Amino acid sequence: MTTARPRYAEEASYKIHGGCGLMGICDESGKLMSGEDAILAMAVQHDRGNGLGGGFAGYGIYPEFPDHFAFHMMYHDIQAKEEAEALFDQYFLVDLAEPMPTRPVKGIADAPLLWRYFLNPYPNKLEESELSAEDYVVKAVMQINSSVDGAFVASSGKNMGVFKGVGYPEEIGHYFRLEEYEGHTWTGHNRFPTNTPGWWGGAHPFALLDWTIVHNGEISSYGINSRYLEQFGYKCTLGTDTEVAAYLFDLMLRRHKLPMELACKALASPLWDEIDRMPEAEQAVMRSLRAVYGPGMLNGPFAIVLGFNGGMVALNDRIKLRPLVAARKGSILMVASEESAIRAVIAEPDAIWMPKAGEPTIARVQGMEWPIHGDLHLSPSDISCAVTGTEVSCDTVEVNA
Amino acid sequence: MPVSFIQPEFKVKIDYDKCHKCGRCVQQCGWGVYNFNERPIPDDAKCRACHRCVTYCPAHCISIEKNQLAYRDNDNWSPAARKAVWRQAETGGVLLTSMGNPLPYTRIFDHLVLDACQVTNPSIDPLREPMELRTFIGHKPDSVGVESDGEGGFRLAEGEGMKNNLKLDTPILFSPMSYGSVSLNVHKSLAMAAQRLGTFMNTGEGGLHADLYPYQDNVIVQVASGRFGVNPDYLNRGAAIEIKIGQGAKPGIGGHLPGEKINKEVSGTRMIPQGTDAISPAPHHDIYSIEDLRQLIYALKEASGYKPVGVKIAAVHNVAAIASGIVRAGADYVYLDGFKGGTGAAPQVIRDHIGIPIEIAIAAVDQRLRDEGIRNWASVIAAGSIRSSADVAKAIALGADAVAIGSASLMALGCHLCQSCHTGSCSWGITTQKPELTRRIDPEWGAEQLTNLVHAWSHELQEILGALGVNAVESLRGSRERLRSIGLDEQMNKVLGVKPAGM
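These protein sequence lines map, in sequence, to chains A and B.
The first sequence begins at 151 in our numbering and counts up by one.
The second sequence begins at 311 in our numbering and counts up by one.
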């Protein structure tokens with residue numbers, strides 16, 4: 151008798167509630183720092199989670215493979231690994247496949263098989279597919295997540311990786327030996343889900359290519375946000391607010407080509423009173439943004455850190471119902487749910503402040519490209535499918551508005 | 311020959327011990343119930359239970375009771391059904407009535423409950439925090455194109471952004487009610503209130519009287535099948551133009567304002583001769599299909615410098631497909647009128663048996679427009695018995711952008727729902743043109759009553775939003791996740807897109 155292997159992503163029939171803690175740190179000069187700082191920042195925020203999920207994303211961590219797509223994989227068993235690897239062989243030239251380096255840590259149990267792969271699309275197959283490399287990779291991610299039971303792609307970007315699982319973040323960080331990595335940008339997350347059994351794939355950060363999101367909050371407007379996204383073909387299958395935030399960023403930044411600053415203003419809109427006091431040209435932009443993207447406005451308490459190869463963006467809800475503190479020391483910008491986390495890492499910051507409600511805090515790594523999506527042309531349903539790994543989301547037909 | 315089979319519905323009781331014999335009831339009653347012979351003598355048969363006399367009796371000595379005649383029990387033949395047969399046998403006519411459908415259909419709003427925040431997300435206190443109700447009605451693009459302004463900021467790119475929308479300070483408008491069916495003082499009250507509230511009144515199909523010109527920026531002008539009062543000046547005065555196809559109380563049929571209501575002022579406003587009947591045909595004679603509607607929409611836009619043009623329809627079985635067609639025809643909003651919506655006159659059989667509930671219409675239309683990816687192209691205004699701020703919140707959560715209130719607004723002016731508007735003798739001075747009755751409404755007082763009502767509902771809506779943990783109405787709009795149903799069957803839940811309580 152074999153037990154059925156789980157789908158790593160299951161459609162949630164209910165909305166998942168929860169609270170959390172988070173951090174993000176970025177050296178805008180591009181200088182690398184060890185993952186130890188990220189672990190430390192999350193360790194002091196231990197009590198913001200309940201041990202059901204912790205995770206990190208690191209950028210610039212694979213200098214030896216800067217131009218390879220790095221796949222961080224979770225497998226339920228060896229068969230899932232074999233099936234996924236068969237798919238890799240079909241699509242990609244794998245230059246290195248190895249188990250993720252881990253160490254035994256008290257509190258971490260029931261880990262899936264964790265492997266990583268550095269790979270690139272077969273040039274001839276890529277050409278045949280007439281897709282960009284990014285699209286090609288996302289299609290493969292989708293296929294693995296939806297058709298290989300027991301396999302889950304935790305991250306798939308270049309020169310970055312997501313390390314996450316069930317446990318407290320500092321345990322997860324030590325388990326993955328993050329102190330041995332060096333990156334210019336790190337984000338971290340501590341999860342406090344209230345009604346879902348922890349599963350490794352469900353911890354934050356959520357990732358697609360090099361794009362990751364950590365999120366502390368409860369989106370009270372989830373109902374309309376998800377219905378709004380469904381109009382464009384996205385499918386909110388996980389029932390998590392994070393998913394909704396991720397798709398909204400995809401819609402606004404990639405599909406509608408809004409600048410990051412304005413996308414943030416649409417997600418956490420200024421009050422009408424404030425808009426009415428703006429200069430006329432700015433008012434016209436904001437009035438349109440709010441009226442057009444009103445159904446996408448994230449209402450309710452949240453703090454989000456969006457990480458990508460060019461830096462990070464931290465954003466708070468429109469009346470600052472969840473904590474977010476920011477600090478700068480030289481070229482380093484750091485954000486966290488608690489000031490204690492910042493002071494643990496940066497003893498004497500040049501400046502420390504509470505970002506205003508709805509004001510994005512943006513860090514850009516010098517010399518790195520800003521467009522965060524690369525050459526991606528996929529439909530929203532493909533994106534949903536790739537992020538959540540559920541087949542349901544792949545069935546939808548995109549509606550072209 | 312027997313006298314009428316139909317006995318009076320009400321009994322007027324006067325406590326003559328307390329009666330001052332002042333005769334005020336005689337003077338107040340528009341129906342001629344009272345004769346005065348040393349003391350008021352009521353004729354029960356004429357009473358409509360409108361309570362005008364009760365309200366104005368200084369001695370509080372009048373009470374109106376139901377005429378509790380016993381009928382032989384028969385669930386199938388209710389007393390009302392028997393009376394209808396008797397009345398039609400006597401008259402040979404279509405039974406006329408007014409206001410909304412009174413039959414005991416399931417009131418879906420009363421089977422829906424709203425959510426509130428507890429622990430995992432905070433509720434918001436509207437007394438301390440901003441709570442935004444501002445709503446824009448009209449076409450919105452799918453996305454906003456911007457370009458750099460060269461100074462580190464952004465501006466709208468050429469031709470981008472939202473255009474020509476109606477700005478509402480609260481998502482509540484006044485329903486269309488024509489001058490003619492209601493008095494000029496009612497129209498003035500509505501217009502003044504709309505201006506003070508930052509919302510809109512709607513002329514209905516009776517034209518715009520010159521006295522309302524100062525309020526024209528808060529007036530939606532209607533173009534209906536009779537085209538009464540429609541001219542280029544009228545179209546250009548309104549903030550928006552509404553094509554009326556149908557009305558919830560009488561889907562599929564036209565209207566008839568009897569000649570006795572067409573006095574000099576009404577005649578001038580409607581552009582028809584004094585004393586002639588004003589007959590609105592059932593269809594627009596230039597709209598026999600959706601492509602004709604498109605032509606009219608664009609003709610009106612051309613004539614008005616591209617003001618928003620909305621289309622009002624009655625909620626009928628196929629409302630979702632019809633609304634989709636209307637949006638694709640270029641309408642800036644679709645006004646849905648449910649089958650409980652009021653009217654100044656309608657055949658009872660039509661009012662009581664045609665159309666569908668507004669709750670279902672909102673749900674079906676909102677979902678269809680989303681399925682087609684065109685929800686942003688037009689707003690949805692819902693009407694047809696919005697009775698309270700709870701109904702407003704539920705309608706918005708189901709997917710309406712705003713609601714319109716007709717019956718409730720008339721009730722703010724004294725209407726007691728006696729369902730007799732078609733008689734033209736409204737004792738409250740609302741649905742009448744008799745000068746001795748219309749002067750009972752002072753527009754200044756009327757505007758205050760209406761402003762109070764909408765303010766009260768708006769405050770309550772803010773309380774509801776706060777409990778839901780959102781601080782802007784757009785975060786409730788279409789958020790059916792915040793609704794649960796109680797006592798509706800599975801099929802209905804599916805139609806409404808809501809889960810039952812407990813899920």
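By construction, the Cβ of each residue, glycine as well, lies at the ideal position given by its N, Cα and C atoms.
This one's a predicted model, so the numbers in the text were calculated from it and none came from an experiment.
Item: May I ask you to list, following chain order, the residues of the stretch 331-354 of chain B that have a beta carbon less than 8 Å from some beta carbon of chain A?; Value: none
Item: Going along the chain, which residues of the stretch 463-483 of chain B sit with their C-beta nearer than 8 Å to a C-beta in chain C?; Value: The displayed structure is made up of protein chains A and B, and chain C is not among them.
Item: May I ask you to list, following chain order, the residues of the stretch 343-372 of chain A that have a beta carbon less than 7 Å from some beta carbon of chain B?; Value: Thr344, Glu368, Ser370, Ser371, Tyr372
Item: Classify Arg405(A): buried if its beta carbon has 16 or more other beta carbons within 10 angstroms, exposed otherwise.; Value: buried
Item: Please list, in chain order, the chain B residues whose beta carbon lies closer than 9 Å to that of Ser531(A).; Value: What Ser531(A) touches in chain B: nothing, since even the nearest Cβ is about 13 Å away.
Item: Give the secondary structure of Arg377(A) by DSSP, where H, G and I count as helix, E and B as strand, and everything else as coil.; Value: helix
Item: Can you find a CB in chain A that lies within less than 8 Å of the CB of Asn686(B)?; Value: yes
Item: Measure the alpha-carbon distance for Ile146(A) versus Ala476(A) and round it to whole angstroms.; Value: Here chain A covers residues 151 to 551 and nothing more, so residue 146(A) does not appear.
Item: Looking only at its own chain, which residues have a Cβ that is under 8 Å from the Cβ of Ile751(B), when we skip the five neighbours before and after it?; Value: Ser493, Asn495, Val496, Ser499, Leu723, Gly724, Trp738, Gly739, Ile740
Item: Pick helix, strand or coil for Ile492(A), following the three-state DSSP scheme.; Value: helix
Item: In terms of DSSP beta bridges, what is Ala712(B) paired with?; Value: Ile691(B)
Item: Check whether the Cβ atoms of Ala507(A) and Asn466(A) lie closer than 8 Å to each other.; Value: yes
Item: Going straight from the alpha carbon of Cys554(A) to that of Ala609(B), what length do you get?; Value: Since the first residue shown for chain A is 151 and the last is 551, residue 554(A) is missing from the structure and cannot be characterised.
Item: Which ranges would you report for the alpha helix (DSSP H) in the stretch 755-809 of chain B if only whole runs of at least 4 residues count?; Value: 800-806
Item: Would you mind reading off the limits of the alpha helix (DSSP H) that contains Lys611(B)?; Value: 600-614
Item: Against chain B, does Gln381(A) count as a neighbour if the rule is that its beta carbon must be under 8 Å from one of theirs?; Value: yes
Item: Do you know how far the Cα of Arg514(A) is from the Cα of Asp602(B)?; Value: 55 Å
Item: According to the neighbour-count rule (16 or more other Cβ atoms, all chains shown, within 10 Å of its Cβ), is Trp503(A) buried or exposed?; Value: exposed
Item: Taking only beta-carbon atoms, is Ala413(A) less than 8 Å away from chain B?; Value: no
Item: Are the CB atoms of Asn459(A) and Tyr209(A) within a distance shorter than 8 Å?; Value: yes
Item: Alpha carbon to alpha carbon, how far is Ser488(B) from Gly517(B)?; Value: 7 Å
Item: Find the nearest neighbour of Gly455(B) within the set Arg468(A), Arg472(A), Pro409(A), Val288(A), judged by alpha-carbon distance.; Value: Pro409(A)
Item: Cβ closer than 7 Å: which chain B residues qualify as neighbours of Ile512(A)?; Value: Here the premise fails: no neighbours, minimum Cβ distance about 13 Å.
Item: Kindly give me the distance between the Cβ atoms of Leu379(A) and Tyr397(A), rounded to whole angstroms, as I take these residues to be in contact under 8 Å.; Value: 5 Å
Item: Which two residues bound the contiguous alpha helix (DSSP H) that contains Phe399(A)?; Value: 391-399
Item: Given this structure, state the Cα-to-Cα distance separating Glu428(A) from Leu417(A), to the nearest angstrom.; Value: According to the sequence provided, residue 428(A) is Met. The question's Glu does not apply to it. Their Cα atoms are separated by approximately 18 Å.
Item: Where does Gln505(B) sit, in a helix, a strand or coil, going by DSSP?; Value: helix
Item: Between the stretch 572-588 of chain B and the stretch 668-680 of chain B, do three or more beta carbon pairs fall short of 8 Å?; Value: no
Item: Assuming the contact rule is C-beta atoms closer than 8 Å, Ile553(B) and Val621(B) should be a hit. Round their C-beta distance to whole Å, please.; Value: 5 Å
Item: So Lys415(A) is in the alpha helix (DSSP H); what residue range does that whole segment cover?; Value: 410-417
Item: In angstroms, rounded to a whole number, what distance separates the CA positions of Gln299(B) and Arg349(B)?; Value: With chain B covering 311 to 813 only, the question about residue 299(B) has no answer from this structure.
Item: Do you know how far the Cα of Ala353(A) is from the Cα of Tyr267(A)?; Value: 21 Å
Item: So Arg787(B) and Val808(B) are supposed to be a Cβ contact under 8 Å. How far apart are they, rounded?; Value: Rounded, the Cβ-Cβ distance is 15 Å, inconsistent with contact.
Item: Does any C-beta atom of chain B lie closer than 8 Å to the C-beta of Val473(A)?; Value: It is Pro, not Val, that sits at residue 473(A) in the sequence shown. No, Pro473(A) does not count as interfacial toward chain B.
Item: Please confirm whether Arg493(A) has its beta-carbon closer than 8 Å to some beta-carbon of chain B.; Value: no
Item: Who are the neighbours of Pro451(A) on chain B, taking C-beta pairs under 7 Å?; Value: Asn431, Pro432
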